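Here the structure is laid out as structure tokens; the discussion comes afterwards.
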Amino acid sequence: MLNFTFKNRTEILFGEDQVQEIASRLPEHANVLFLYGGGSIKKNGIFDDVTKVLSSVNVIEFGGVEPNPEYETLLRAVQVARDNQVNFILAVGGGSVIDGAKFIAAAVNFAGNPWDILVSGAEFSDPLPIGAVLTLPATGSESNGNSVVNRRETAQKRAFGSDSVQPVFAVLDPTYTYSLPPRQVSNGVVDAFVHVIEQYLTYPVNAPLQDRFAEGILQTLLTEGPKALSTPHDYDVRANVMWSATMALNGLIGKGVPQDWATHMIGHELTALYSLDHAQTLAIVLPSLMFVQREQKKSKILQLGERVFGITGEDEGRCIDLTIKAVQDFFEDMQVKTRLADYQIEKSSIDDIVANLEKNGMTALGEHGDIDLAKARQILNLAA
Ligand code: NZQ
Ligand code: ZN
85 MLNFTFKNRT
95 EILFGEDQVQ
105 EIASRLPEHA
115 NVLFLYGGGS
125 IKKNGIFDDV
135 TKVLSSVNVI
145 EFGGVEPNPE
155 YETLLRAVQV
165 ARDNQVNFIL
175 AVGGGSVIDG
185 AKFIAAAVNF
195 AGNPWDILVS
205 GAEFSDPLPI
215 GAVLTLPATG
225 SESNGNSVVN
235 RRETAQKRAF
245 GSDSVQPVFA
255 VLDPTYTYSL
265 PPRQVSNGVV
275 DAFVHVIEQY
285 LTYPVNAPLQ
295 DRFAEGILQT
305 LLTEGPKALS
315 TPHDYDVRAN
325 VMWSATMALN
335 GLIGKGVPQD
345 WATHMIGHEL
355 TALYSLDHAQ
365 TLAIVLPSLM
375 FVQREQKKSK
385 ILQLGERVFG
395 ITGEDEGRCI
405 DLTIKAVQDF
415 FEDMQVKTRL
425 ADYQIEKSSI
435 DDIVANLEKN
445 GMTALGEHGD
455 IDLAKARQIL
465 NLAA
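Okay, structure coming up:
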């Protein structure tokens, strides 16, 4: 096992009506930026719940954070936060709103060009504290320090990460996910599944506990994910999906083990160039990446096949093929298509995707740093 440090500062408030707990967790003299997305929370009652809980607190609303949060929009929110001397951000939404909150939190007291936080890891100080009310289980953003921001102007999707912007609390009320459209339920399950894979499907380092954590989350998503589509108002199903997605990327399962993240990095270029949903990009890239990296990942693919999908009794090559197919079939069963062509992206576009990877310095990806531009091209060609 590799050396590690582990601390997760997010207080999880899990279960129905836990939103009531928010008020007691705000700072004294709170001046809250209430950040949300395109308005789904106004239709499903979450906006009213939060407004009620904050009735005695000074609140400045900022709505309109887009899926794949847009840099320009977030800069406007930074200005609003500065103008109103906000001292706390409450992010109510999915990963995009929570990621947006982290960028705003970092940029408010940053004197330089905020873009540098995303492209050159510029250091910032005194970020605002954040609380989250999660409405879409997927990214784990409610309980990690990562933030991914999109900039349409330059067709770039860039990330930064810092413990200092990790939410101090996160409300996880499974009933808040009942109103999700099926496409977002599917996206969430696929994203969480791939988060586990990025931290598990590398090479063995004799870390059996991390392996079992990871396999437990994968198995839970495999059984509960389809149920979230077929019986959307089943509280227990929603609760199990929600907790799985948080556990998939709150840091725990990735401690002491190698990590990959190449699927995510290649996927981000597909969103930046073609506005695909984040999970759609992962469903396209992962099966082909597994195929291209089958030698490097052999031992873990065989373990995934046997322990998670029950694939045994064949020669190794066949087991690997069947495991890759099982992963791809799961995405398709979850109604997330797995080919570039399914999203009308032509093979001729692969040049542009590879050029964007190069522009963003994504030239040595994966747990061995061996996914260079040629290999990325091979993966994309296979996914065409
Ligand atoms: O904008 P609103 O109106 O809120 O609608 C959203 C949005 O249209 C809707 N939605 C959310 N909760 C709902 C709901 N609709 C009805 N009922 C509800 N309860 O769902 C749509 C998608 O929301 P979004 O927040 O974009 O989805 P998700 O949570 O999948 O977040 C995706 C973003 O997170 C980033 C992705 O790159 C992408 O930008 N990621 C963040 C990570 C992190 N912070 O650790 C890791 C991930 O790998 C990922 O990269
Ligand atoms: Zn993801």
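For reference, each letter of the sequence shown is one residue, going 85 to 468 in this note's numbering.
The beta-carbon is built from N, C-alpha and C at its ideal position, and this holds for glycine as well.
Computed from a prediction, not measured in an experiment: that's the story for all the values here.
Asked                                                                                                                                                                         : Found
Measuring straight from C-alpha to C-alpha, what distance separates Tyr358 and Val149?                                                                                        : 19 angstroms
Pull up the distance between the alpha-carbon of Lys382 and that of Val438, whole angstroms please.                                                                           : 26 angstroms
Tell me which residue opens and which closes the beta strand (DSSP E) that Tyr262 is part of.                                                                                 : Looking at the DSSP string, Tyr262 is not in any beta strand (DSSP E), and its letter there is neither H nor E.
With a threshold of 6 angstroms on Cβ separation, who are the neighbours of Lys431 within its own chain once the five nearest residues in sequence on each side are excluded? : Ala468
Any heavy atom of the ligand NZQ closer than 7 angstroms to the Cβ of Thr304?                                                                                                 : no
Report the start-end ranges of each beta strand (DSSP E) in the region 178-222 that is 3 residues or longer and not cut off at the edges.                                     : 214-218
In this structure, does DSSP put Arg477 in helix, strand or coil?                                                                                                             : Residue 477 lies beyond the stretch modelled for the chain, which goes from 85 to 468, so this question has no answer here.
Could you give the C-beta distance for Pro211 and Ala189, rounded to a whole number, given that I count them as a contact under 8 angstroms?                                  : 4 angstroms
Please determine whether the Cβ atom of His279 lies at a distance below 7 angstroms from any heavy atom of the ligand ZN.                                                     : yes
Which residues mark the beginning and the end of the alpha helix (DSSP H) in which Ile469 is found?                                                                           : Given that the chain is displayed from residue 85 to residue 468, the structure contains no residue 469 and the question cannot be resolved.
Does Arg235 come out as helix, strand or coil in the three-state DSSP assignment?                                                                                             : strand
For Ala312 versus Val273, is the C-beta distance shorter than 8 angstroms?                                                                                                    : yes
For Glu308, report the span of its alpha helix (DSSP H) as first-last.                                                                                                        : 292-314
In terms of DSSP beta bridges, what is Leu370 paired with?                                                                                                                    : Partner(s): none; Leu370 has no beta bridge.
Less than 8 angstroms between the beta carbons of Val170 and Val116, yes or no?                                                                                               : yes
Please determine, among Asp167, Thr157, Phe88, Ala107, the residue with the shortest C-alpha to C-alpha distance to Ser180.                                                   : Thr157
Given this structure, state the Cα-to-Cα distance separating Asp132 from Lys126, to the nearest angstrom.                                                                     : 7 angstroms
What does DSSP give as the partner residue(s) for Phe253 in the beta ladder?                                                                                                  : Glu95, Gly215
In whole angstroms, what separates the C-alpha of Thr286 from that of Pro342?                                                                                                 : 6 angstroms
Can you find at least 3 beta carbon pairs, one from the region 92-110 and one from the region 256-268, that sit closer than 8 angstroms?                                      : yes
Compute every distance between the C-beta of Ser270 and the non-hydrogen atoms of the ligand NZQ, then say whether any falls below 7 angstroms.                               : no
For Val325 and Leu302, I'd like the C-alpha separation in whole angstroms.                                                                                                    : 11 angstroms
Using the Cα positions of Asp183 and Asp399, report the straight-line distance between them to the nearest angstrom.                                                          : 44 angstroms
Would you check if the region 447-460 and the region 374-381 touch, i.e. whether three or more CB-CB distances between them fall below 8 angstroms?                           : yes
Does DSSP classify Asn115 as helix, strand or coil?                                                                                                                           : strand
Does any residue of chain C have a CB that is nearer than 8 angstroms to the CB of Ala165?                                                                                    : Any reference to chain C falls outside this structure, which holds one protein chain only.
With distances taken Cα to Cα, identify the nearest neighbour of Gly215 among Ala206, Ala448, Gln294, Glu226.                                                                 : Glu226
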